[in-house]
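Presented below is the structure to which this report refers.
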Amino acid sequence: MKIVVLAGGLSPERDVSLSSGSLIANALMEKGHGVLLLDVYEGYQNTIHNMDDLFLYSKDGIKYHYTVSDIEPDLDAIKVKNNNQLAFIGPNVLDICGFADVVFMGLHGSIGENGSLQATFDNFNIKYTGTGYIGSLLAMDKDLSKRLFVQANIPTAEWILYDINENTIHDVKNTIGFPCVVKPCSCGSSIGVSIVKNLEELKTALSYAFKYETSVLIEKMINGREFSVGILNNKPLPVIEIIPTTGFYDYKNKYQSGLTSEICPADLSLELTRKVQEKALKVHKTLRLGGYSRIDFILDTKGEFICLEANTLPGMTPTSLIPQEAKCLGIEYNELCETIAMLPFNKNLKH
Ligand SMILES: Nc1ncnc2c1ncn2[C@@H]1O[C@H](COP(=O)(O)OP(=O)(O)O)[C@@H](O)[C@H]1O
Ligand SMILES: [Mg+2]
């Protein structure tokens, strides 16, 4: 099989994406596939004589390698390097992806996650991993996801969409109350998320969240243990519990090693395990997700699993949550990557 692992792009998470993209690419090569790791924004700028030659095999003895630097990538410098290219999809990307048998979506953030790239691929009849454009859009927009959760009887934290022209911080105090959680409507990685206890903190949190987006949600804070459940090929994986040493599962606790314990399988009764797995599958279906996804929950003090959100492009390094869950079932990282790459060939799995 010839597989393009598509990564990078112009989001602040481009480095993380290129680094996990390299690991996915190596895993697929070890499974015997021909692989090209391609940056969706930079594209392929050299002349292509023969498309076949672009793909690397393990017998070539080369491995992809990308180190994430300590500081966020300088997106302006990357634009300048690419002649200030305005298009998000770089030179030759569509042709190369069309030539490959399948595209492994290794992107994080905006263009990979909001469905627009998936819609473009559909129009070019290009096969890709994971969720299609409708599910990507529905899961990316937390307000839309939550409206569908309510409709499908999936418990979710009470919330308002904060409109800067209509709402005041006093409305929040009188409706949602404190403590509450302020979050941009369509970000990920806990970027722009704060938990606040009073009006003063709320003001700061709002201006922080509005830096990232013009739509901001304010949710009731749910007290309890946090869990995540992956779905692979329409079946739930084992449940994982997330326990940050301090505070909540924010950006730092997510990406700096040693700050959060992740326990898989989670220490839950069989009954609660089944309950949260069923809920995760219901979320996956309600939002029309495909292939694989990861759904986040908090178990509240009344024993109810409250759904926080669904992720259509969950982290895919060997130590990320879904690979840990798969490992509990004896599915090693290389095999997991290959399974995800092969799912788009299953006609029964609609996007
Ligand atoms: N309503 C809530 N109550 C308690 N904690 C929350 C709530 N919403 C979010 N959090 C915390 O913030 C983290 C990030 O929020 P989440 O909605 O999952 O957004 P993201 O897409 O950035 O991961 C969660 O993993 C959880 O630790
Ligand atoms: Mg989350």
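If you're matching positions, the sequence shown starts at 806 in my numbering and goes up one per residue. Every residue, glycine too, gets a C-beta built ideally from N, C-alpha and C.
6 angstroms CB neighbourhood of residue i in its chain, flanking five on each side removed
| i | result |
| --- | --- |
| L843 | V809 and L811 |
| P817 | E877 |
| T925 | none |
| L1104 | G1029, R1030 and F1110 |
| G920 | Y938, S941 and L942 |
| G914 | S816 and E818 |
| Q923 | G937, Y938 and S941 |
Boundaries (first-last residue) of the alpha helix (DSSP H) holding residue i
| i | result |
| --- | --- |
| D820 | R819 to E835 |
| R952 | K947 to Q956 |
| T1065 | Element bounds for T1065: not the alpha helix (DSSP H) but the beta strand (DSSP E), T1065 to I1068. |
| Y862 | Where Y862 is concerned, there is no enclosing alpha helix (DSSP H), given that its DSSP letter is neither H nor E. |
| Y849 | Run containing Y849: none; DSSP gives neither H nor E here. |
| K1132 | L1126 to C1133 |
| H975 | I974 to N979 |
| L1161 | It is not possible to answer for residue 1161, since the shown part of the chain is limited to 806 through 1156. |
| S915 | S915 to E918 |
Close Cβ partners of residue i (< 7 angstroms) along its chain, the five nearest in sequence each way excluded
| i | result |
| --- | --- |
| L1086 | I1036 and P1041 |
| P984 | I1000, V1001, K1002 and M1026 |
| I959 | K1084, K1087, V1088, T1091 and C1112 |
| D1055 | S995 and V998 |
Backbone secondary structure at residue i - three-state DSSP
| i | result |
| --- | --- |
| F909 | strand |
| K807 | strand |
| P1049 | strand |
| T872 | coil |
| K1040 | strand |
| F926 | helix |
| R1030 | strand |
| T1091 | helix |
| G1035 | strand |
| K1152 | coil |
| A1071 | coil |
| T961 | strand |
Neighbourhood of residue i by C-beta distance below 8 angstroms, restricted to the same chain and skipping five residues each side
| i | result |
| --- | --- |
| D948 | W964, L966, C990, S1020 and L1022 |
| K1059 | S994, S995 and T1065 |
| F1102 | E1031, F1032, S1033, V1034, V1081, K1084, A1085, F1110, I1111, C1112 and L1113 |
| E1018 | P989, C990, S991, C992 and G997 |
Continuous beta strand (DSSP E) stretch holding residue i: start and end
| i | result |
| --- | --- |
| L1113 | F1110 to N1116 |
| I1103 | Y1097 to L1104 |
| D1055 | Element bounds for D1055: n/a, residue is neither H nor E. |
| V840 | G839 to D844 |
| L966 | W964 to Y967 |
| L1022 | V1021 to K1025 |
Near ligand 3: residue i beta-carbon under 7 angstroms from a heavy atom
| i | result |
| --- | --- |
| F1102 | Judged by which ligands are present, ligand 3 is missing from the structure shown, whose ligands are ligand 1 and ligand 2. |
Legend entry - In chain order, each beta strand (DSSP E) run of at least 3 residues that lies wholly inside the region 982-1017: 985-989 and 999-1001
Inset, instruction - Would you mind listing the alpha helix (DSSP H) stretches within the region 879-905 that are 4+ residues and don't spill past its ends, in chain order? - result: 880-886 and 898-904
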